[in-house]
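Read in order, the letters of the sequence shown are residues 13 to 132 in my numbering.
Even for Gly, the Cβ is constructed at its ideal location relative to N, Cα and C.
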Amino acid sequence: MVYGTDLDQLGLGIKSRTMLEKQFRGAASFDYLFANYEGWAWNINTDVHYLFPKSSKFTLYPLAGLTFYHTRNYSKLGINLGGGIDYSINNNMKLNFDPKFQLIRHYNQMILGFGVLFKI
């Protein structure tokens, strides 16, 4: 589930993550924000996470990346800056909270992502 603060929209997302190096992880995601008075929106993101394992269950990470943001009126490229936390429920499932700022020319917002991740 995602929430876009500027448009005050809830949405759904899908995410894929892979380890790049010992403490670096790559992430790609697609988020669809449901319609409100301004209409729908979606974005595609590519981010890099630097992992700080705090225990066997908790991992913190800052993130940076790129976003492609699209609405019915415009499409724009931008930068993602944020962080997140993972909590391992078991070897195949994690809870995730992933807030990030999307810095886009003439349009900035915070995207709050939270959900369950499954290892495939």
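key: Endpoints, beta strand (DSSP E) assigned at Gln21   = For Gln21, the enclosing beta strand (DSSP E) starts and ends at 21-31.
- prompt: Do Val14 and Gly125 have their C-beta atoms closer together than 7 Å?
  reply: Gly125 sits close to Val14, with the two beta carbons spaced by under 7 Å.
Please confirm if the region 44-55 is in contact with the region 64-76, defined as three or more CB-CB distances below 8 Å between the two stretches.
The answer is no - the region 64-76 does not touch the region 44-55, with fewer than three Cβ pairs under 8 Å.
- Tyr86: which of Asn104, Trp54, Asp18 sits nearest, CA to CA? Nearest option by C-alpha distance: Trp54.
As assigned by DSSP and simplified to three states, the class of Phe113: Strand at Phe113.
> How big is the Cα-Cα spacing for Ala39 and Val60?
Replying inline: Whole-angstrom Cα-Cα distance: 6 Å.
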